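Which chain is which? The protein sequence lines are A and B, in order. Quick note: the first sequence uses the working numbering, first residue 1, plus one each step. Quick note: the second sequence uses the working numbering, first residue 1001, plus one each step. C-beta atoms are modelled at their ideal positions from N, C-alpha and C, and glycine is treated no differently. Keep in mind that this is a model prediction, so the values were computed, not measured. Report on one structure; see the data block that follows.
There are 2 protein chains.
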Amino acid sequence: MQFNLDKSFDILTRTPAVLEMMLDGIHEDWIHQNEGAETWSPYDVIGHLIHGEKTDWITRLEIVLSDNVAKHFKPFDRFAQFDESKGKTIQQLLQEFKLIRQKNMAILKSKNITEADFSKKGIHPVFGEVTLENLLATWTAHDLGHLGQIARVMAKQYTDAVGPWKAFLPILAAR
Amino acid sequence: MQFNLDKSFDILTRTPAVLEMMLDGIHEDWIHQNEGAETWSPYDVIGHLIHGEKTDWITRLEIVLSDNVAKHFKPFDRFAQFDESKGKTIQQLLQEFKLIRQKNMAILKSKNITEADFSKKGIHPVFGEVTLENLLATWTAHDLGHLGQIARVMAKQYTDAVGPWKAFLPILAAR
Chain A
1 MQFNLDKSFD ILTRTPAVLE MMLDGIHEDW IHQNEGAETW SPYDVIGHLI
51 HGEKTDWITR LEIVLSDNVA KHFKPFDRFA QFDESKGKTI QQLLQEFKLI
101 RQKNMAILKS KNITEADFSK KGIHPVFGEV TLENLLATWT AHDLGHLGQI
151 ARVMAKQYTD AVGPWKAFLP ILAAR
Chain B
1001 MQFNLDKSFD ILTRTPAVLE MMLDGIHEDW IHQNEGAETW SPYDVIGHLI
1051 HGEKTDWITR LEIVLSDNVA KHFKPFDRFA QFDESKGKTI QQLLQEFKLI
1101 RQKNMAILKS KNITEADFSK KGIHPVFGEV TLENLLATWT AHDLGHLGQI
1151 ARVMAKQYTD AVGPWKAFLP ILAAR
């Protein structure tokens, strides 16, 4: 599928409401269970999404669009949420994510990005040169990836309860 | 995680609204693209969920709870949606799913199921004996599985657009 900005807005603007609809008010066990050692619960994932909004996507977008010669992105901290989410309820995190995503969507719109900008470049700490299109598509696919992860982590909590049906539920074996 | 009926209601009652929030009003390409030959688009998945509500979950639940000796479930048609969804818009399908799920949740509540019922049995065409707990947990995990599938199918539409970031997005390699 061809990338375009509207298709990315379709997803990026909806994710906070999708997550709120999935997680707000459900039993604590759905929120805090994970897939085992070194894996994340839905609660951890929301904290990770918030940290990305605060430090990653828009910051990198502004580096790519700026007239500065320095185009290197800072590495992203994949574990920041374990400190930053401490003491917060899932409702607080969902609300925080909604507000910062709204703010970032307003910033994104204010850039008036055109197709001519899609090939502008930044320097990723691991990959080297990446384009604005890569960055915006990744922001979008990253939302969907974590949405899929949350659904998978939740489904796995019923691995024992489904009994023999496990054989017909590929999500219970997915990583 | 221990199964209970409220935890299943948490998911089953929310799924239609989650899917509506994800899919209603987004670009057609997100709705109709799939993962390649013999795979399903988000549009196909919603049709499959509707067919399950019409012919599978409640029908099987009623067999398990009934006083009849005949406890065999009919096989489920995993491809019925390709005919049944024909000519319908995604909005129509989302609405249809919402209404039939609401109706089925009302039926489920009306059964006043207690823990004593969880071990009641039916005969699955492939697995043989399954319990009511298995059936209700599977209905729930099945929702989450297809939600994860939809997120994955959508994410994969940006496989080219993300460029080198593909290496950091495990969902793009998932099945």
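Asked	Found
Less than 6 Å between C-beta atoms, sequence neighbours within five positions excluded: which residues of the same chain meet that for residue 20 of chain A?	94
Can you find a C-beta in chain A that's less than 8 Å from the C-beta of residue 1105 of chain B?	no
Give me, in chain order, the residues of the same chain whose beta-carbon lies closer than 7 Å to that of residue 1054 of chain B; leave out the 5 immediate sequence neighbours on both sides.	1100
Are the C-beta of residue 108 of chain A and some C-beta of chain B separated by less than 8 Å?	no
State the DSSP-derived secondary structure class of residue 1150 of chain B, mapped to helix, strand or coil.	helix
Would you give the residue range spanned by the alpha helix (DSSP H) that residue 1027 of chain B belongs to?	No alpha helix (DSSP H) holds residue 1027 of chain B; DSSP gives it neither H nor E.
Rank B:1075, B:1165, B:1026 and B:1044 by C-alpha distance to the C-alpha of residue 1034 of chain B and give the top, closest one.	B:1044
8 Å is my cut-off, CB to CB: does residue 1140 of chain B come that close to chain A?	yes
Which residue from A:72, A:27 and A:76 puts its Cα closest to that of residue 50 of chain A?	A:76
For residue 1034 of chain B and chain A, any beta-carbon pair shorter than 8 Å?	no
Output yes or no for whether 8 Å exceeds the beta carbon distance between residue 158 of chain A and residue 1140 of chain B.	yes
Quick check: what's the CA-CA separation for residue 1065 of chain B versus residue 1013 of chain B?	21 Å
Spatial neighbours of residue 1124 of chain B within its chain, please: C-beta separation below 7 Å, excluding the five flanking residues on both sides.	1073 and 1130
Kindly list, in the order they appear in chain A, the residues whose Cβ is closer than 7 Å to that of residue 1163 of chain B.	130, 131 and 134
Please list, in chain order, the residues of the stretch 38-53 of chain A that have any C-beta partner in chain B closer than 7 Å.	none
Rounded to the nearest angstrom, how far is the Cβ of residue 11 of chain A from that of residue 144 of chain A, given a contact under 8 Å?	6 Å
Verify whether the separation of the beta carbon atoms of residue 137 of chain A and residue 1162 of chain B is less than 8 Å.	yes
Roughly how many angstroms separate the alpha carbons of residue 1109 of chain B and residue 1118 of chain B, rounded to a whole number?	14 Å
Based on Cα-Cα distance, which residue from A:150, A:9 and A:168 lies nearest to residue 175 of chain A?	A:150
Counting only beta-carbon atoms, is residue 1018 of chain B nearer than 8 Å to chain A?	yes
Under DSSP, the alpha helix (DSSP H) around residue 1053 of chain B begins and ends at which residues?	1042-1055
Could you give the distance in angstroms between the alpha-carbon of residue 61 of chain A and the alpha-carbon of residue 1071 of chain B?	60 Å
For residue 83 of chain A and residue 90 of chain A, what's the separation of their Cα atoms in angstroms?	15 Å
Could you give the DSSP three-state label for residue 1113 of chain B: helix, strand or coil?	coil
Exposed or buried, residue 1103 of chain B, counting other C-beta atoms within 10 Å across all chains shown (16 or more means buried)?	exposed
Go to residue 1007 of chain B, then tell me how far its alpha helix (DSSP H) extends in each direction, as first and last residue.	1005-1012
What number of angstroms, rounded off, separates the C-alpha of residue 17 of chain A from the C-alpha of residue 98 of chain A?	7 Å
So, for residue 1031 of chain B: in the same chain, excluding its five sequence neighbours on each side, which residues have a beta-carbon less than 8 Å away from its beta-carbon?	1023, 1041, 1042, 1043 and 1090
With a threshold of 16 other CB atoms inside 10 Å of the CB of residue 46 of chain A, please say whether the residue is buried or exposed.	buried
Taking residue 1007 of chain B as the query, report the chain A residues whose CB atoms sit under 9 Å from its CB, ordered along the chain.	26, 27, 29, 30, 157 and 158
Just to confirm, is the Cβ distance from residue 1122 of chain B to residue 1063 of chain B under 8 Å?	yes
Assign residue 15 of chain A to one of three DSSP states: helix, strand, or coil.	helix
Which of helix, strand or coil does DSSP assign to residue 1126 of chain B?	coil
Could you give the DSSP three-state label for residue 1120 of chain B: helix, strand or coil?	coil
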